[in-house]
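Going by this note's numbering, the first residue of the sequence shown is number 4, and it counts up by one from there.
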Amino acid sequence: MLEAGKLKQIISKIETIEEERAESADLLKDAFNEAKSMGFDIKIIKHVLKLRKKDRDALAEEDSLIQLYRDALEI
4 MLEAGKLKQI ISKIETIEEE RAESADLLKD AFNEAKSMGF DIKIIKHVLK LRKKDRDALA
64 EEDSLIQLYR DALEI
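Here it is in structure tokens:
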């Protein structure tokens with residue numbers, strides 16, 4: 004049997020989360036626009052953000068491999 008009260012509750016919860024997500028997306032967009040207006044390269048900022056999420060050891064290994072490949076290709 005369908006419990007209308009529980010369904011309404013979960014629908015309301017999802018709607019609230021969707022609203023918060025939209026607000027967060029707007030704030031994020033504003034922050035990137037602010038960075039761009041200050042002369043920062045957005046592509047590089049996004050790359051740095053991705054790097055900051057990685058484990059230091061994994062990042063060091065990745066950097067080492069990138070340098071190895073660059074050396075092999077003389078770039």
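Note that CB positions come from ideal geometry on N, CA and C, so glycine has one too.
Problem set entry | Where L76 sits in the DSSP three-state scheme | Here residue 76 refers to the residue found at position 73 of the sequence shown. For L76, the three-state secondary structure derived from DSSP is helix.
Exercise. Cα separation between E37 and K49?
Worked result: In the sequence shown, residue 37 corresponds to position 34, counting from 1. In the sequence shown, residue 49 corresponds to position 46, counting from 1. Rounded to whole angstroms, E37 to K49 spans 14 angstroms at the Cα level.
Exercise. Which runs of the alpha helix (DSSP H) spanning at least 4 residues fall entirely within the region 33-77, listed in chain order?
Worked result: Fully enclosed alpha helix (DSSP H) runs of 4 or longer: 45-55 and 59-76.
Problem set entry | Beta carbon of I45 nearer than 7 angstroms to that of K39 | By 1-based counting over the sequence shown, the position of residue 45 is 42. By 1-based counting over the sequence shown, the position of residue 39 is 36. Contact check for I45 against K39 passes: the beta carbons are separated by less than 7 angstroms.
Exercise. Would a check of beta-carbon distances place K32 closer than 7 angstroms to chain D?
Worked result: The chain labelled as chain D is not found in the depicted structure, where only one protein chain is given.
Exercise. Under three-state DSSP, which class holds L5?
Worked result: Reading the sequence shown from its first residue, position 2 is the one you call residue 5. Coil at L5, not helix or strand.
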